[in-house]
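As they're listed, the protein sequences go chains A and B. Everything in the first sequence is counted per our numbering, starting at 1 for the first residue and increasing by one. Everything in the second sequence is counted per our numbering, starting at 1001 for the first residue and increasing by one. Yeah, the Cβ is synthetic: ideal placement off N, Cα and C, and Gly gets one too.
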Amino acid sequence: MSGRQRIVPTSVEELASVLATHHRDRRPLAVEGGNTLRGMLPPDHESDTLVTTALAGVLAFAPDDLAVAAQAGISLRALGATLAQRGQFIPFDAPQRADATLGGTLAAGWNGPRRHRYGRPRDFVMGTTIVLADGTVAAAGGMVPKNVSGYDMSKLYVGSCGTLGVLVRANLKTLPLAQRSRAFIAPLPEYTRERAIARLRESPVEPAAALWIEGFHKEIEGTDGPEGRLFLLIEGSDSFVERASRDVRTEMGKAGVPETYVVDGAVTERFERVIDALAATIGERSVTYRVSGDPAAIGTRASRMLDVAARCEMRGEAIGDVMNGDVYVRCTDADTRSFAAKAPMLDDAMHDDEPAARIVACDHPVRAKLNVWGQPPGTLDLMRRVKAHFDPAGILNPHRYVGAI
Amino acid sequence: MLHQQLVEALGAEAVKTAPEDLSVYAFDAYSSGTLPSAVVLPETTRDVARIVRIARACEEPLIARGAGTGLCGGAIPARGGVVVSFARMHRVLDLDLSRRRAHVQPGLVNLDLSKAVSMHGLFYAPDPASQKTSTIGGNIATNAGGPHCLSYGTTVNHVCALEVVDASGEVFRTDVDDAGYDLTGVLVGSEGTLGIVTSAWVRLTRLPESVRVWLAAFGDIDSASAAVSAIIAAGIVPTALEMMDRVIVTAVEAAFCAGYPTDAGAVLLIEHAGYEDDMNTLEAAVAQIAREHGALSWRAARSASERDALWAGRKGAAGATGRISPNYYTQDVCVPRSALPAALRAVGDAAARHHLTVGNVFHAGDGNLHPLLMYDRRDPKQVAAVIETGNEILQTAVDLGGTVSGEHGIGYEKREAMTRVYSTDDLATMARVREVFDPARMLNPEKIFPSGVRCPELR
Ligand SMILES: Cc1cc2nc3c(=O)[nH]c(=O)nc-3n(C[C@H](O)[C@H](O)[C@H](O)COP(=O)(O)OP(=O)(O)OC[C@H]3O[C@@H](n4cnc5c(N)ncnc54)[C@H](O)[C@@H]3O)c2cc1C
Chain A
1 MSGRQRIVPT
11 SVEELASVLA
21 THHRDRRPLA
31 VEGGNTLRGM
41 LPPDHESDTL
51 VTTALAGVLA
61 FAPDDLAVAA
71 QAGISLRALG
81 ATLAQRGQFI
91 PFDAPQRADA
101 TLGGTLAAGW
111 NGPRRHRYGR
121 PRDFVMGTTI
131 VLADGTVAAA
141 GGMVPKNVSG
151 YDMSKLYVGS
161 CGTLGVLVRA
171 NLKTLPLAQR
181 SRAFIAPLPE
191 YTRERAIARL
201 RESPVEPAAA
211 LWIEGFHKEI
221 EGTDGPEGRL
231 FLLIEGSDSF
241 VERASRDVRT
251 EMGKAGVPET
261 YVVDGAVTER
271 FERVIDALAA
281 TIGERSVTYR
291 VSGDPAAIGT
301 RASRMLDVAA
311 RCEMRGEAIG
321 DVMNGDVYVR
331 CTDADTRSFA
341 AKAPMLDDAM
351 HDDEPAARIV
361 ACDHPVRAKL
371 NVWGQPPGTL
381 DLMRRVKAHF
391 DPAGILNPHR
401 YVGAI
Chain B
1001 MLHQQLVEAL
1011 GAEAVKTAPE
1021 DLSVYAFDAY
1031 SSGTLPSAVV
1041 LPETTRDVAR
1051 IVRIARACEE
1061 PLIARGAGTG
1071 LCGGAIPARG
1081 GVVVSFARMH
1091 RVLDLDLSRR
1101 RAHVQPGLVN
1111 LDLSKAVSMH
1121 GLFYAPDPAS
1131 QKTSTIGGNI
1141 ATNAGGPHCL
1151 SYGTTVNHVC
1161 ALEVVDASGE
1171 VFRTDVDDAG
1181 YDLTGVLVGS
1191 EGTLGIVTSA
1201 WVRLTRLPES
1211 VRVWLAAFGD
1221 IDSASAAVSA
1231 IIAAGIVPTA
1241 LEMMDRVIVT
1251 AVEAAFCAGY
1261 PTDAGAVLLI
1271 EHAGYEDDMN
1281 TLEAAVAQIA
1291 REHGALSWRA
1301 ARSASERDAL
1311 WAGRKGAAGA
1321 TGRISPNYYT
1331 QDVCVPRSAL
1341 PAALRAVGDA
1351 AARHHLTVGN
1361 VFHAGDGNLH
1371 PLLMYDRRDP
1381 KQVAAVIETG
1391 NEILQTAVDL
1401 GGTVSGEHGI
1411 GYEKREAMTR
1421 VYSTDDLATM
1431 ARVREVFDPA
1441 RMLNPEKIFP
1451 SGVRCPELR
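What follows is the structure in structure tokens.
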């Protein structure tokens, strides 16, 4: 075989034999789902690419058990459509759901804005089947919601970015869809951001998602006030949504926010646009950083990160997840060339301020030179040993993960 | 040697070696193992690290121990060794109210955490029925569940970060928000075989605005379990959905007078916690399903004390069973919820075939069965019958698409059952993880893995 092939296996057996031969010949493989992720280090030029999208079936849907099993290459949209037919869903909240695959979303360890309410994607995984680097097909967990039978291997695979094996199947819990959902948009006048964030966190009714936004006007509707705007999502029964609407308005009023617009039509699509914005790039001249931390401090953290962008003469935009504490800051330059020149400096400055900042989206090839993963955790040696035991020949997504694993 | 070094490092009062002191540590709440060489009671993470180094130098295995309420022999020494008891590490170290997290020591008793934070309007959601005695460390090691895990999720969903002493005595910290592999997620449920947890940051949940508890009585187990399947199939996930059969209800009433109808074949204890606005609709929907499945009665607790009384019966069911039978064995399996009626019929049949009395008290909403098989330990025939019945129940669960442990873990007792659900390759993959963390197999040896499972030769 010559280098740089695109291989699209149509069966697990075929996929396993591709891995086994690459393992035997020590040939690197880039693993790809919907190719929506712009946050990992890019593959090197020697790698063949293994694409999972031909393994895209729903293997078992048991709506009465709130359970579904699907192949890794199915898109989140297709899976969501199957579930919706029976009034169910899984809150992945991952960008570009028409293309993003189930396996890719799990492997990337994506965590979205509704997780404080419903849990992380990892919490929905009851079992997985993975093909290890040497071609071994191994199952973990099962098809039941509670299971303490040995190590929860699926936890290790979720977030492993295809460096330990290729996920081919996931068994997932599902949830009943909310009866109703409603969105709110509120521009924030001066001196209201901190108060509004605090009110939302303490309010007896918790929104399903609450995002503070500054910029992102191309992607997300609403106009910024002097301190940005809020996008709130309320989900629940009819009576709950009515009550929550009143409460949200009252709380915002107390925070000094005079106007809160209700959005009732196409709420799901609107929320999806917000999710898309989290990882949206502007051509090859933007980079988006993400930092997680204390939700009470998202405002100040975002301000500091926006300052870094300004110091590097880039345009900064921010989204803060009020309920979970994530801050996303997108830094955009005027053109591709100057972006390439300034990005390394911006990256250093950003990490001086926020050592753990991770890049979630950057289209420019300069990404390969940036500190995509931020400062590695203290357990990096342990992680290296995990990698060595699962992929001793180092063929899977080599050098693209944390600490160049 | 071992004794002397441990005493030098931790002081005499932290080390037990007298046989009469050691004997209780050979047991958990079900099994018995060998006598440990020593039992040590550390007070700090550094103590634990020292213990590990000394034990390793003396080639003694290490067994972490919380309250010893485990039901699968997880905390028993399988071949001697040093038991690390967390009885003296039971403090809440820090509360971060803004992030709604607590930093706790592993020996903290589960319920004590909820008590400590209730004044802030918070609680710790995982609530194993053993929560008055079992520890956060033991709960983490077994990924413990409980009645309210139906909607709140099991322990793993509530652990944010861990401090761990590894097999060589080094301390490391994991965080679910760290970049890289989710080591936290793998450590939870690893039954003390990958590391010794010396502190944990756990998530606290806001106390609900409104709580309702209902009791529905049915003529037999079949109709009650069909009702459970129908509730879930209707897309209703209450906070807790527990079942007790006639044997258990009778025992509970004799012990506590919880107010359960003793003429019923099975009762469902249902709780929903959430927003007041949803309660009436939800109550009507669940009551409707119960009636459609032949409920004989439906009762709503009218006050906090009535709610507590109904729950006291459920949480005391194991104790009450102890009063009607000299011994009982708790089986723990999980099946898909639509398979509940079939699973319970099979459990009843298996017990009847072996002439055993069985009581069922379990997390029905999760499909997590706990048949209690009653027997007299002094009668070897009954002991053999219990083992046989327990095995048949395991196989039933597997045949119905379920698993061999829902929440108690594998420990020593269920190791061989692992091969019923996992292939050799599946198990060898797990063994790779063991190999990474503890290549010498000194942390809680002879647990989880069936005999003969090895990490594959790596090429
Ligand atoms: C009446 C009764 C009811 C029960 N109800 C439930 C229930 O509803 N749900 C449920 O899940 N379980 C239940 N159990 C089982 C048991 O209580 C749980 O498994 C509990 O989590 C064990 O906690 P423990 O502190 O007693 O741990 P132990 O029994 O002492 O140990 C259990 C395991 O954890 C390991 N371990 C303990 N501490 C540490 C540590 N710091 N670091 C690493 N490993 C450690 C041990 O080595 C062992 O493998 C019940 C038991 C009884 C007797």
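Residue i and residue j look like a contact to me (Cβ under 8 Å); what is the Cβ gap, rounded to whole Å?
{"i": "B/VAL1084", "j": "B/GLU1060", "result": "So it is not a contact: roughly 11 Å between Cβ atoms."}
{"i": "A/VAL166", "j": "A/LEU50", "result": "7 Å"}
{"i": "A/ALA266", "j": "A/CYS312", "result": "No, A/ALA266 and A/CYS312 are not in contact; Cβ-Cβ is about 37 Å, not under 8 Å."}
{"i": "B/HIS1090", "j": "B/GLY1107", "result": "4 Å"}
{"i": "A/ARG201", "j": "A/ALA340", "result": "With 8 Å as the limit, A/ARG201 and A/ALA340 do not qualify as a contact, their Cβ atoms being about 40 Å apart."}
{"i": "B/LEU1394", "j": "B/VAL1335", "result": "At roughly 11 Å, the Cβ-Cβ gap does not stay under 8 Å, so B/LEU1394 and B/VAL1335 are not in contact."}
{"i": "B/ALA1304", "j": "B/LEU1310", "result": "Contact flag wrong, Cβ pair sits at about 11 Å."}
Counting only beta-carbon separations shorter than 9 Å, does residue i have a partner in chain B?
{"i": "A/ILE197", "result": "no"}
{"i": "A/PHE390", "result": "yes"}
{"i": "A/GLY162", "result": "no"}
{"i": "A/GLN85", "result": "no"}
{"i": "A/MET1", "result": "In this prediction, A/MET1 has a pLDDT of 41, which is less than 50 and means its spatial position is unreliable; what the coordinates show is noted afterwards. Chain B, which has no Cβ nearer than 9 Å to the Cβ of A/MET1, makes this no."}
{"i": "A/ILE405", "result": "yes"}
{"i": "A/LEU177", "result": "yes"}
{"i": "A/ASP276", "result": "no"}
Expressed to the nearest angstrom, what Euclidean distance is found between the alpha-carbon atoms of residue i and residue j?
{"i": "A/ARG406", "j": "A/ARG195", "result": "Nothing can be reported for residue 406 of chain A: it is not among the residues displayed for chain A, which extend from 1 to 405."}
{"i": "A/LEU79", "j": "B/ASP1178", "result": "28 Å"}
{"i": "A/ARG169", "j": "A/ALA107", "result": "12 Å"}
{"i": "B/ILE1231", "j": "B/GLU1392", "result": "28 Å"}
{"i": "B/ALA1384", "j": "B/THR1193", "result": "30 Å"}
{"i": "A/MET1", "j": "A/ARG38", "result": "Low local confidence applies: a pLDDT of 41 at A/MET1 is under 50, so the model's placement there is unreliable, and no value is given."}
{"i": "B/ALA1161", "j": "B/ASP1263", "result": "48 Å"}
{"i": "A/PRO392", "j": "B/ALA1339", "result": "42 Å"}
{"i": "B/TYR1463", "j": "B/GLN1131", "result": "Shown here, chain B extends from 1001 to 1459; a query on residue 1463 of chain B therefore has no answer."}
{"i": "B/ARG1246", "j": "B/GLY1359", "result": "8 Å"}
{"i": "B/LEU1204", "j": "B/ARG1101", "result": "5 Å"}
{"i": "B/THR1330", "j": "B/ASP1366", "result": "17 Å"}
{"i": "A/ILE220", "j": "A/GLU317", "result": "12 Å"}
{"i": "B/ALA1273", "j": "B/VAL1213", "result": "9 Å"}
{"i": "A/ALA56", "j": "A/ALA69", "result": "11 Å"}
{"i": "A/ALA140", "j": "B/ALA1351", "result": "31 Å"}
{"i": "B/THR1034", "j": "B/GLY1390", "result": "23 Å"}
Would you verify that the beta carbon of residue i is, or is not, closer than 9 Å to some beta carbon of chain A?
{"i": "B/ASP1175", "result": "yes"}
{"i": "B/MET1430", "result": "yes"}
{"i": "B/GLY1189", "result": "yes"}
{"i": "B/PHE1449", "result": "yes"}
{"i": "B/GLY1153", "result": "yes"}
{"i": "B/ASP1366", "result": "yes"}
Give the residues of chain A in contact with residue i, contact being defined as C-beta atoms less than 8 Å apart.
{"i": "B/GLU1435", "result": "HIS389"}
{"i": "B/PHE1172", "result": "GLY378, THR379, LEU382"}
So with CB distances below 7 Å, who are the chain B contacts of residue i?
{"i": "A/ALA138", "result": "ASP1425, ASP1426, THR1429"}
{"i": "A/LYS155", "result": "ASP1182, GLY1185, VAL1186"}
{"i": "A/PRO189", "result": "Those do not exist, as A/PRO189 stays about 25 Å from chain B at its closest Cβ, beyond 7 Å."}
{"i": "A/LEU66", "result": "ILE1232"}
{"i": "A/ALA296", "result": "SER1098"}
Run through chain B and tell me which residues come within less than 8 Å of residue i, C-beta to C-beta.
{"i": "A/ASN147", "result": "CYS1334, THR1403, SER1405, GLY1406"}
{"i": "A/PHE240", "result": "TYR1275, ASP1277, ASP1278"}
{"i": "A/THR288", "result": "Near A/THR288 there are no residues of chain B at all, since even the closest Cβ is about 16 Å away, more than 8 Å."}
For residue i, write down the residues that DSSP places opposite it in a beta bridge.
{"i": "A/PHE240", "result": "According to DSSP, A/PHE240 bridges with nothing at all."}
{"i": "B/CYS1334", "result": "B/ASN1368, B/THR1403"}
{"i": "A/TRP110", "result": "Answer is none; A/TRP110 lacks a bridge partner."}
{"i": "A/PRO187", "result": "A/ARG229"}
{"i": "B/PHE1123", "result": "B/THR1205"}
Show which residues of chain B have a CB atom less than 9 Å away from the CB atom of residue i.
{"i": "A/TRP373", "result": "ALA1179, GLY1180"}
Starting from residue i, find everything on chain A with Cβ-Cβ shorter than 9 Å and list it in chain order.
{"i": "B/MET1418", "result": "SER149, GLY150"}
{"i": "B/THR1142", "result": "VAL148"}
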